[in-house]
């Protein structure tokens, strides 16, 4: 379970893993906001202090609760 709840010290390592294409399970309160002006869907990942990640329509379609304040 602790591997799914990263500490702040693990943040950069986890971001590197994600950027390298690894698939990880993180337990956090993710949410998506729609930026109509720039035609973007923006994902927030609090445990990694990320507030501007891009997210695909496929992920949103499979997890619509992301548009309702998080999952």
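Residue numbers (the numbering used here): 2 to 72.
The beta carbon of each residue, even a glycine, is placed where N, CA and C say it ideally should be.
Quantities reported herein were computed from a predicted structural model and do not represent experimental measurements.
- Assignment of residue 60 by DSSP, reduced to helix, strand and coil, places it in the helix class.
- Bounds of the alpha helix (DSSP H) holding residue 16 are 12-20.
- Of the candidates 65, 58, 7, the residue whose Cα lies closest to the Cα of residue 28 is 7.
- Contact between the segment 14-26 and the segment 60-72 is absent: fewer than 3 CB-CB pairs across the two stretches fall below 8 angstroms.
- In the assembly as shown, residue 45 is a buried residue. Its beta-carbon has 16 or more other beta-carbons within 10 Å.
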